[in-house]
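Participant:
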Amino acid sequence: MKFSLFATCALVFFSAAVKADDTGSAIQAFCGGLELTQPTQGQSFANPQQVAVTVTRQPNDKKKVINGVDIYAVGSDGKPKYLGTPWRGTYALNSKATLTVDVTKTPNVPLPSQFVFRVWVHNEAGPDCTLYSKVFKVSSTSHSNDDIQKMQNMSQDIDRGCFAVEVVEPKLGAHLKANTIQNVQIARDSMSLIETFNGVTLYKVDLSTHKYEQVENVWTGRQNASLAFNVKDKLSFQGAGNGKGNAYFYKVQSLTIHNEICEFFSHPFYIE
């Protein structure tokens with residue numbers, strides 16, 4: 070029996086879709102019910118050699134062990150950096166497991182700083198699971214006045230997981246034409262805790278008073294946060310092109326994996 074090209078492509082697409090559904094179901098079956106409960110948001114640790122990590126699960130018949138903890142440092146500019154794996158082992162996870170991690174086991178760990186853990190949970194009969202912690206802080210062992218001040222001045226936005234997303238278009242100071250399509254391009258780092266994009270809003274700034282006001286909602290929805298996301302704006306609002314003395318910027322609304330609302334802003338630009 071001969072298959073048409075259309076039928077063959079349809080069969081391949083269907084098989085891929087079924088496989089993706091099966092993979093998603095397997096991950097849900099083996100990773101559902103897992104939660105990384107410690108460190109908590111913004112939690113401070115005075116001893117970098119004793120940072121507590123707690124994982125909980127809903128008990129079932131699937132055997133699980135924690136076998137690795139990776140660490141990322143988040144700089145004051147919101148850029149995450151992978152440092153290494155300060156903890157490796159085999160720790161049985163029944164309903165709850167608490168580990169003590171020495172973050173100084175990773176080379177060149179910056180202290181004090183804000184960090185995120187990635188915890189690996191191994192299933193004996195299924196796919197491995199990865200859990201991301203909330204952002205926490207670790208001091209240096211010196212506890213100097215300078216270190217204490219740095220700890221106190223660390224970004225609360227980063228504490229909430231609002232980092233590693235950037236509006237890369239429009240460019241700083243760009244001059245855009247009214248009633249033309251403008252791409253609002255959003256870039257997301259693979260280590261970002263942002264899970265979904267939920268809206269893009271255009272604002273206007275009076276350059277003489279520095280007061281700003283909302284112009285329009287460009288897009289509202291719920292988009293899984295990929296590494297790149299693009300929204301088109303027609304720049305056709307009332308008064309577009311008559312904005313001498315004004316600058317504009319976009320605000321991107323988003324949600325983290327820990328259900329924190331985050332906002333990111335473009336550079337200012339002009340509409341002519």
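Start counting at 1 in the sequence shown, then tack on 69, and there's your number in the numbering used here.
Yeah, the Cβ is synthetic: ideal placement off N, Cα and C, and Gly gets one too.
Extract the residue ranges of the beta strand (DSSP E) inside the segment 101-130, only unbroken runs of 3 or more that lie entirely within it.
Facilitator: Qualifying beta strand (DSSP E) stretches, in chain order: 104-107, 120-125.
Participant: Find the nearest neighbour of ARG126 within the set THR154, ALA166, VAL207, judged by alpha-carbon distance.
Facilitator: Here residue 126 corresponds to residue number 57 of the sequence shown, with the count starting at 1. Cα-wise, what sits closest to ARG126 is ALA166.
Participant: For ILE140, which residues from the same chain have a beta carbon less than 7 Å from its beta carbon, with the 5 sequence-adjacent residues on both sides left out?
Facilitator: The sequence position of residue 140 within the sequence shown is 71, counting from 1. For ILE140, where only same-chain residues beyond five positions count, the Cβ hits under 7 Å are LEU152, GLY153, PRO155, VAL172, THR175, PHE184, PHE186.
Participant: Three-state secondary structure (DSSP) at ASN315?
Facilitator: Taking the sequence shown and counting its residues from 1, the one referred to as residue 315 is at position 246. It is a strand residue.
Participant: Near ALA89, which residues of its chain fall below 8 Å by C-beta distance, leaving aside the five closest residues on each side in sequence?
Facilitator: Here the question's residue 89 lines up with position 20 in the sequence shown. Only weak support is given to the placement of ALA89: the predicted model assigns it a pLDDT of 42, under 50, and the question is left unresolved by the model.
Participant: Return the residue from the list ALA98, ASN136, PRO337, GLN119 that minimises the CA-CA distance to ASP130.
Facilitator: Position 61 of the sequence shown, counting from 1, holds the residue named residue 130. Selected option, being the one with the closest Cα: ALA98.
Participant: Indicate the three-state DSSP secondary structure (helix, strand or coil) for PHE266 in the structure shown.
Facilitator: Mapped onto the sequence shown, residue 266 falls at position 197. In this structure, PHE266 counts as strand in the three-state DSSP scheme.
Participant: Rounded to a whole number of angstroms, what is the C-alpha to C-alpha distance between LEU162 and SER202?
Facilitator: In the sequence shown, counting from the first residue as 1, residue 162 sits at position 93. In the sequence shown, counting from the first residue as 1, residue 202 sits at position 133. Straight-line Cα distance between these residues: approximately 17 Å.
Participant: Could you tell me the distance, in whole angstroms, from the CA atom of VAL143 to the CA atom of SER113?
Facilitator: What you label residue 143 is simply residue 74 of the sequence shown in a count that begins at 1. What you label residue 113 is simply residue 44 of the sequence shown in a count that begins at 1. The straight-line gap from Cα to Cα measures roughly 14 Å.
Participant: Work out the CA separation of LYS303 and VAL269 for me, nearest whole Å.
Facilitator: Looking up residue 269 in the sequence shown gives position 200. Looking up residue 303 in the sequence shown gives position 234. Cα to Cα, the separation comes out at about 13 Å.
Participant: With DSSP collapsed to three states, give me the class of ASN192.
Facilitator: Residue numbering aside, residue 192 sits at position 123 when the sequence shown is read from its first letter. Three-state result, ASN192: strand.
Participant: Is VAL178 helix, strand or coil when you go by DSSP?
Facilitator: Against the sequence shown, residue 178 aligns to sequence position 109. Coil, per DSSP.
Participant: Near VAL217, what residues of its chain come up, given a Cβ to Cβ distance below 8 Å and the 5 sequence neighbours on each side ignored?
Facilitator: By one-based count along the sequence shown, residue 217 stands at place 148. One point to set straight first is that residue 217 is Ile, not Val, in the sequence displayed. Same-chain partners within the cutoff: SER208.
Participant: Quick check on LYS133: does DSSP put it in helix, strand or coil?
Facilitator: Stepping through the sequence shown from its first residue, residue 133 is reached at position 64. The answer is strand: DSSP assigns LYS133 an E or B state.
Participant: Express the C-alpha separation of VAL253 and LYS301 in angstroms, rounding to a whole number.
Facilitator: Counting from 1 along the sequence shown, the entry for residue 301 is found at position 232. Counting from 1 along the sequence shown, the entry for residue 253 is found at position 184. Roughly 6 Å between the two C-alpha positions.
Participant: Label LYS150 either buried or exposed according to how many other C-beta atoms from any shown protein chain fall within 10 Å of its C-beta, with 16 as the threshold for buried.
Facilitator: As a first step, residue 150 must be located in the sequence shown, where it is residue number 81. Exposed: under 16 other Cβ atoms inside 10 Å.
Participant: From which residue to which residue does the beta strand (DSSP E) around ILE217 run?
Facilitator: Counting from one through the sequence shown, the residue named residue 217 turns up at place 148. Premise fails: ILE217 lies in the alpha helix (DSSP H), 214-221, not in any beta strand (DSSP E).
Participant: Considering ASP171, what are the terminal residues of the alpha helix (DSSP H) in which it resides?
Facilitator: Residue 171 sits at position 102 when you count from the first residue of the sequence shown. Note, ASP171: premise wrong, no alpha helix (DSSP H); not H, not E.
Participant: Measure the alpha-carbon distance for TRP189 versus CYS100 and round it to whole angstroms.
Facilitator: The count along the sequence shown starts at 1 and reaches residue 189 at position 120. The count along the sequence shown starts at 1 and reaches residue 100 at position 31. Looking at the two C-alpha atoms, the distance is approximately 11 Å.
Participant: Tell me whether ALA142 sits in a helix, a strand or coil according to DSSP, three-state version.
Facilitator: For the purposes of this step, residue 142 is identified with residue 73 of the sequence shown, where counting begins at 1. Reduced to three states, the DSSP call for ALA142 is strand.
Participant: Whole angstroms is fine: what's the gap from LEU241's alpha carbon to PHE232's?
Facilitator: What you label residue 241 is simply residue 172 of the sequence shown in a count that begins at 1. What you label residue 232 is simply residue 163 of the sequence shown in a count that begins at 1. Roughly 19 Å separates the two Cα atoms.
Participant: By DSSP's criteria, SER208 is part of a beta bridge. Which residues make up the other side?
Facilitator: By one-based count along the sequence shown, residue 208 stands at place 139. Beta-bridge pairing links SER208 to no other residue.
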